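A.B. asks: Counted the way mature numbering (1 follows the signal peptide of the UniProt record, and there is no 0) counts, the sequence shown spans residues -22 to -1, 1 to 389.
Virtual Cβ for every residue (Gly too), placed ideally from N, Cα, C.
Remember, it's a predicted structure, so these values are computed and weren't measured experimentally.
Questions regarding the structure given below will be posed in turn.
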Amino acid sequence: MAGVFVTITLIFHLVVIPNCLAFAPRDWFNFIGFGSKEGQKPQPLLKDDPGEPLVLLRDEQENPGPADPAMPTKAGLKEGFYKKSCPNAEKIVADMLVETFKTNPNAVSNVVRLLFHDCFVGGCDASLLLDFNPSGDPVEKSSGFNGLLLKGSDLIDDIKAKLEQECPQTVSCADTIAFATNEALILGGLPRQRPLGGRRDSLISLASMVEDNNLPAPNWSLEKMIETFNKKGFNEEEMVILLGAHSIGSSHCDFFMDRAYNYKETNNPDPNLTPEVVDEIKKVCVDAYTPKFRNPPMNFDETPTVLDNLFFKNIVEKNKTLLVTDSYLMNDPRTAPTVQNMAADPNLFHKRFVEAINKLNTLNVLTGNDGELNKLIVPVKTIKSISSGSFLMKSAYIDESGEVESKGAFG
C-alpha cells in the first residue's frame, strides 16, 4: 500500500471512512452552503430534513422491469453488474431510500439534483463528493454553483457505508449515485427499470470546472442554456425535458423573488407573470431582501414529490414559472413545442424523461481501467493548518463481470 504524506502542525486521529471520498468533516468548510458563519445556520443534513410522509406510488421493489430500450449504452456499463460481487447492492440502495423518503420526500429532488450537478461537470464520476484534492485546489463542492443547492451527499455516504459493510471496495460511489437516482425516480412516479452499473470514480474534483459554464445559473439567457446543454450532447428538446425535473422539489426565494418585487431593477414585477403568480410568490417570499440566512423555499408546482407534467401544464395554462430560465421556454420557437407536448401528455413526459435521464446517467463515465474505487483514511478533527497529516487511498479494479480482479494501492 502506498501513501501520500504531508507534514502536520496539529495532532489528530485517523479513522477509516468507507464512504464516498469524504476527506474532512462538514464543519471544516466555511464556503457557501457548508459551515456556519455568524448570522447563518448550517445547512441541515438531508436525512434529517423533515417533510410530509411520502405515499409510494408503486410497489415494485421485488419486480424490476428491464432497462428502457432507448437507453444509450457505454462500454463497460450493463444491468446486473454486481450480481456476483455484490448481489444485494441494488436492494440495499432501494431499501435505504425508501426508509429515508418516508420521513423526507424532498430527498427525491435532492438526489436527482445531485446526479445532474455531478454528471454535468466532467461526467458521472462522483467527483462532486470529493472533499479534498491532493493539489489543494478547491473542490466542486466549494463552488457557489453548488453550495446551498447541494443536498443529498450525506445520504449517499450512508448508503455507501452500508454497501461497504456488505461488499467492501466493490460498488463505486458513481454507481451508488446512479442507483440512488434510479430509485428516487421510481419513488417519484416513474416506471421501474434496472439501472446500469460499472462506473468508476474520479480522483479529481475542481471548482474551476464547475465555474467554467458547466452548470446553468438561474439568471442565464436561453441562448446560453442551449449552448451549455449542446456541449454535453443534449439538444433543445432534451434540455426542456430534463428541466422537467423542476416538477419535483423547490427553489429558494433569493433565486427568483426579483421577478415579483423588482424585475430588472424596475421596482415592478416581471410583466410575463400574471398577478396571481406574483401574489403567490409574495405570500411565500415575505422576507425579501432581509439579511436572514436564506429566504424560504417555494415549490415549483403543486406536487413537489411527484415527477409529473404539472410543471409544464402550469407554464402553458397559467404562465407560471419561478426561475427566469424556465420562463423563456414558452417564448421561443425552439423550445415551446416541447413544453406544449409535455403539458398535453403525461405518459409522453414520463417516457421522454426516462430516456433523457438515462442518457445523462452515462455522460462521460469512467469504466474498465479508468478511474478508481476509493477508500480513505482521513483526519477527523478540524484542521487549522494543513502543513502536516497523511492520508491513504486504496483502490480496486472490477471487471465487466462484476468480479474483483485485482487490488492495488494509490497514494
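Return the first residue and the last residue of the alpha helix (DSSP H) that H328 is part of.
C.D. replies: Residue mapping note: residue 328 aligns to position 350 of the sequence shown, counting from 1. Note, H328: alpha helix (DSSP H), 324 to 338.
A.B. asks: Going by beta carbon distance, what residues of the same chain come within less than 8 Å of P50, once the five residues before and after it are set aside?
C.D. replies: Taking the first residue of the sequence shown as position 1, residue 50 is located at position 72. Legend: pLDDT at P50 = 41, less than 50; position of this residue unreliable, value from coordinates given subsequently. Answer for P50: N336, K337, T340, listed in chain order.
A.B. asks: Considering only residues of the same chain and omitting the five flanking positions on each side of D153, which have a CB-CB separation below 6 Å?
C.D. replies: Against the sequence shown, residue 153 aligns to sequence position 175. Counting only Cβ-Cβ distances below 6 Å, and skipping sequence neighbours, we find G175, R177.
A.B. asks: Only counting the same chain, and skipping five residues up and downstream in sequence, which positions put a Cβ closer than 7 Å to that of G54?
C.D. replies: Residue mapping note: residue 54 aligns to position 76 of the sequence shown, counting from 1. Answer for G54: G176, T345, G346, E378, listed in chain order.
A.B. asks: Is A45 helix, strand or coil when you go by DSSP?
C.D. replies: Stepping through the sequence shown from its first residue, residue 45 is reached at position 67. With a pLDDT of 37 at A45, under the threshold of 50, the modelled position of this residue cannot be trusted; read the value that follows with caution. Three-state DSSP puts A45 in coil, outside helix and strand.
A.B. asks: Report yes if the C-beta distance between D103 and V343 is below 8 Å; otherwise report no.
C.D. replies: Residue numbering aside, residue 103 sits at position 125 when the sequence shown is read from its first letter. Residue numbering aside, residue 343 sits at position 365 when the sequence shown is read from its first letter. Contact: yes.
A.B. asks: Any chance you could list the beta strand (DSSP E) runs of at least 3 consecutive residues sitting entirely within the segment 273 to 320, in chain order?
C.D. replies: For the segment 273 to 320, whole beta strand (DSSP E) runs of length 3 or above, ordered along the chain, are 275 to 277.
A.B. asks: Please work out which residues of its chain come closer than 6 Å, Cβ to Cβ, to F233, disregarding the five sequence neighbours upstream and downstream, and give them in chain order.
C.D. replies: Residue numbering aside, residue 233 sits at position 255 when the sequence shown is read from its first letter. Counting only Cβ-Cβ distances below 6 Å, and skipping sequence neighbours, we find P196.
A.B. asks: One question on the structure: do V262 and K296 come within less than 8 Å of each other, judged by their Cβ atoms?
C.D. replies: Here residue 262 corresponds to residue number 284 of the sequence shown, with the count starting at 1. Here residue 296 corresponds to residue number 318 of the sequence shown, with the count starting at 1. Result no, Cβ atoms of V262 and K296 do not sit closer than 8 Å.
A.B. asks: According to the neighbour-count rule (16 or more other Cβ atoms, all chains shown, within 10 Å of its Cβ), is P282 buried or exposed?
C.D. replies: Your numbering for residue 282 matches position 304 in the sequence shown. Buried is the call here.
A.B. asks: Taking the alpha carbon of G114 as the reference point, which residue from L251, F278, L181, P65 has its own alpha carbon closest?
C.D. replies: Walking along the sequence shown from the start, residue 114 turns up at place 136. Of L251, F278, L181, P65, the residue nearest in Cα terms is L181.
A.B. asks: Alpha carbons only, please: which of N213, L184, N124, A223 is nearest the one belonging to G166?
C.D. replies: Walking along the sequence shown from the start, residue 166 turns up at place 188. Residue A223 is the option with its Cα nearest to G166.
A.B. asks: List the endpoints of the continuous alpha helix (DSSP H) containing residue 417.
C.D. replies: Residue coverage of the chain in this structure runs from -22 to 389, which leaves residue 417 outside it and unanswerable.
A.B. asks: Quick check on DSSP: helix, strand or coil for G130?
C.D. replies: Position 152 of the sequence shown, counted from the start, is the residue given in the question as residue 130. Note: G130 maps to coil in three-state DSSP.
A.B. asks: Return the Cβ separation of L220 and A334 in integer angstroms, given the expectation that the two are a contact with Cβ distance under 8 Å.
C.D. replies: Counted from its first residue, the sequence shown places residue 220 at position 242. Counted from its first residue, the sequence shown places residue 334 at position 356. Sure, about 5 Å apart at Cβ, within 8 Å.
A.B. asks: Rounded to whole angstroms, what is the Cα-Cα separation between N192 and D304?
C.D. replies: In the sequence shown, counting from the first residue as 1, residue 192 sits at position 214. In the sequence shown, counting from the first residue as 1, residue 304 sits at position 326. Roughly 18 Å separates the two Cα atoms.
A.B. asks: I'd like to check one pair, F98 with K210: are the Cβ atoms closer than 8 Å?
C.D. replies: For the purposes of this step, residue 210 is taken as residue 232 along the sequence shown, with counting starting at 1. For the purposes of this step, residue 98 is taken as residue 120 along the sequence shown, with counting starting at 1. A contact, by the Cβ cut-off of 8 Å.
A.B. asks: From which residue to which residue does the alpha helix (DSSP H) around S186 run?
C.D. replies: The count along the sequence shown starts at 1 and reaches residue 186 at position 208. Residues 185 to 188.
A.B. asks: Just to check my reading of the structure: D96 and I155 have Cβ atoms closer than 8 Å, yes? What is that Cβ distance to the nearest angstrom?
C.D. replies: For the purposes of this step, residue 96 is taken as residue 118 along the sequence shown, with counting starting at 1. For the purposes of this step, residue 155 is taken as residue 177 along the sequence shown, with counting starting at 1. Yes, D96 and I155 are in contact; Cβ-Cβ is about 6 Å, under 8 Å.
A.B. asks: Measuring alpha carbon to alpha carbon, tell me which residue in E215, D257, E216 is nearest M235.
C.D. replies: Translated into positions along the sequence shown, residue 235 becomes position 257. Taking only the C-alpha atoms, the option nearest M235 is D257.
A.B. asks: Can you tell me where the alpha helix (DSSP H) with E215 in it begins and where it stops?
C.D. replies: Locating residue 215 in the sequence shown gives position 237, where the first residue counts as 1. Unbroken alpha helix (DSSP H) run through E215: 214 to 221.
A.B. asks: Start and end of the beta strand (DSSP E) containing S228?
C.D. replies: Your numbering for residue 228 matches position 250 in the sequence shown. That run of the beta strand (DSSP E) goes 228 to 230.
A.B. asks: Under three-state DSSP, which class holds K210?
C.D. replies: Here residue 210 refers to the residue found at position 232 when the sequence shown is read from its first residue. K210: coil per DSSP, three-state reduction.
A.B. asks: Classify P274 as buried or exposed, calling it buried when 16 or more other Cβ atoms lie within 10 Å of its own Cβ.
C.D. replies: As a working note, residue 274 is residue 296 in the sequence shown. Exposed: under 16 other Cβ atoms inside 10 Å.
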